[in-house]
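Novice: Numbering (the working numbering), first residue to last: 5 to 378. Here a beta-carbon is modelled for each residue, glycine too, at the ideal position from N, C-alpha and C. Every value quoted in this text rests on a predicted model; they were computed, and no experiment measured them. Handing you a structure now.
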Ligand SMILES: [Mg+2]
């Protein structure tokens with residue numbers, strides 16, 4: 005079970021339809037994926053979000069992380085995690101934790117394959133075979149496009165839909181009201197502002213969302229404004245959600261202690277992989293706070309790992325099922341998991357095969373790679 009090799013693939017795709025949030029337009033997406041191979045021939049796969057340059061992340065893995073990991077026992081996941089984290093002096097930044105996520109996820113895939121069990125069972129399954137999922141997201145675009153996107157989500161069978169907000173508080177409230185009018189009363193709605201507001205604006209929008217029956221209000225303000233979240237939690241009746249921007253468990257601990265969040269949403273491809281994300285999910289359960297994995301603009305390995313975390317987490321609430329076309333999520337791996345096309349009555353099946361339950365499609369891997377494979 006000694007780790008013998010790590011093969012890193014920096015990937016990029018142009019999106020068929022560019023995505024727009026309150027933070028701007030995204031025309032292409034980058035992720036970095038790895039294959040970690042043990043001396044006895046077990047290969048695990050993993051993924052890290054790579055923002056604007058997967059090539060830069062590949063260099064971090066090849067030159068900083070891989071030399072520390074090769075030669076370790078593949079089952080010593082926490083030891084490997086700690087060794088990777090200490091690779092740089094000082095506190096590792098978000099980018100390093102995203103690169104670490106790729107290797108850590110691959111180690112869980114190896115463990116599942118070695119033990120012939122799906123990853124969720126290694127985490128301690130709670131008996132879920134299907135997960136409630138929400139459509140993510142209705143873009144911050146014109147009303148006509150929004151109506152079309154909402155129509156598609158309903159047609160796919162979603163019973164929960166997330167709406168992107170932006171612009172001024174008045175524009176956001178108008179959008180929230182507009183979407184409420186487009187869906188039946190029994191369809192749950194939630195909203196994501198991607199930090200569009202300051203505290204005072206967020207209070208105004210939050211009350212409106214509560215009045216309209218929205219279930220949660222995601223990242224109304226910048227994630228580092230901890231006092232701001234505490235203020236919002238004191239003033240607003242609606243459940244606040246955040247966590248996609250938090251990288252390690254200690255980042256969310258403060259939010260859990262004071263209950264300023266009602267839902268935490270760590271992203272396994274950003275938060276150092278399954279090892280650290282699971283710690284966050286366990287801490288959430290211990291504090292009676294709901295957990296929902298963030299998938300966002302990540303790829304197929306992240307989607308699969310998130311299904312396993314969701315299947316095992318005690319306070320899991322809902323799975324983020326992305327509805328925009330992203331070849332990194334839809335074509336990179338087989339079988340297709342956690343996608344809108346897999347939806348059955350608004351629910352997604354938990355993978356039951358050993359490990360993560362997905363493998364790379366070699367043609368897709370080659371097509372999306374930014375440099376020749378070594
Ligand atoms: Mg978000």
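1) Counting C-beta neighbours from all protein chains within 10 Å, is the total for residue 30 16 or more, i.e. buried, or is it exposed?
2) Please report how far the alpha carbon of residue 287 lies from the alpha carbon of residue 260, in whole angstroms.
3) Under 7 Å: does the beta carbon of residue 143 sit that close to some heavy atom of ligand 1?
4) Any chance the CB of residue 29 is under 7 Å from a heavy atom of ligand 1?
5) Can you check DSSP and say which residues form a bridge with residue 77?
6) What three-state label does DSSP hand residue 186 in the structure shown?
7) For chain D, is any of its Cβ atoms less than 8 Å away from the one on residue 259?
8) Residue 349: beta carbon under 7 Å from a heavy atom of ligand 1?
9) Anyone know if the C-beta pair for residue 135 and residue 103 falls short of 8 Å?
10) For a test of the three-state rule: what should DSSP assign to residue 172, helix, strand or coil?
11) Taking residue 313 as the reference, give the member of 95, 87, 126 with the closest Cα.
12) State yes or no: is the C-beta of residue 113 nearer than 7 Å to some heavy atom of ligand 1?
13) Check residue 228 in the structure and name its three-state DSSP category.
14) Can you tell which of 271, 237, 218, 217 has the C-alpha that lies nearest to the C-alpha of residue 203?
15) Look at the alpha carbon of residue 18 and the alpha carbon of residue 330, and state the distance between them as a whole number of angstroms.
16) Along the chain, where does the alpha helix (DSSP H) that runs through residue 281 open and close?
17) Buried or exposed: which applies to residue 97, given that a residue is buried once 16 or more other Cβ atoms fall within 10 Å of its Cβ?
18) When the Cα atoms are used, what is the spatial distance from residue 176 to residue 162?
19) Note down the Cα distance separating residue 50 from residue 310, rounded to an integer number of angstroms.
20) Tell whether a beta-carbon distance below 8 Å holds between residue 168 and residue 144.
21) Output needed for residue 222: all residues of its chain with C-beta closer than 6 Å, excluding positions within five of it in sequence on either side, in chain order.
22) Quick check for students: name the residue ranges of the beta strand (DSSP E) that lie wholly in the region 336-378, counting only runs of 3 or more.
23) Can you tell me whether residue 174 is buried or exposed? The criterion is at least 16 other CB atoms within 10 Å of its CB, across all chains shown.
24) If you run the structure through DSSP and keep just helix, strand and coil, what is residue 61?
25) Considering only C-alpha positions, which residue in the set 300, 22, 6, 12 is nearest to residue 74?
26) Look at residue 225 and residue 206 and say whether their C-beta atoms are less than 8 Å apart.
27) For ligand 1, I want to know if residue 330 counts as a neighbour, meaning its beta carbon is within less than 7 Å of at least one of the ligand's heavy atoms.
Specialist: Taking the geometry as given:
1) exposed
2) 8 Å
3) no
4) no
5) 6
6) helix
7) Annotation note: the requested chain D is absent from the structure, which comprises a single protein chain.
8) no
9) no
10) coil
11) 126
12) Not under cutoff, so the answer is no.
13) coil
14) Considering only alpha carbons, the answer is 237.
15) Cα to Cα, residue 18 sits roughly 9 Å from residue 330.
16) 278-290
17) exposed
18) Each residue's alpha carbon lies about 22 Å from the other.
19) 12 Å
20) Yes, the pair counts as a contact, with Cβ atoms nearer than the cut-off.
21) 196, 245
22) 351-353
23) exposed
24) helix
25) Answer by Cα proximity: 6.
26) yes
27) no
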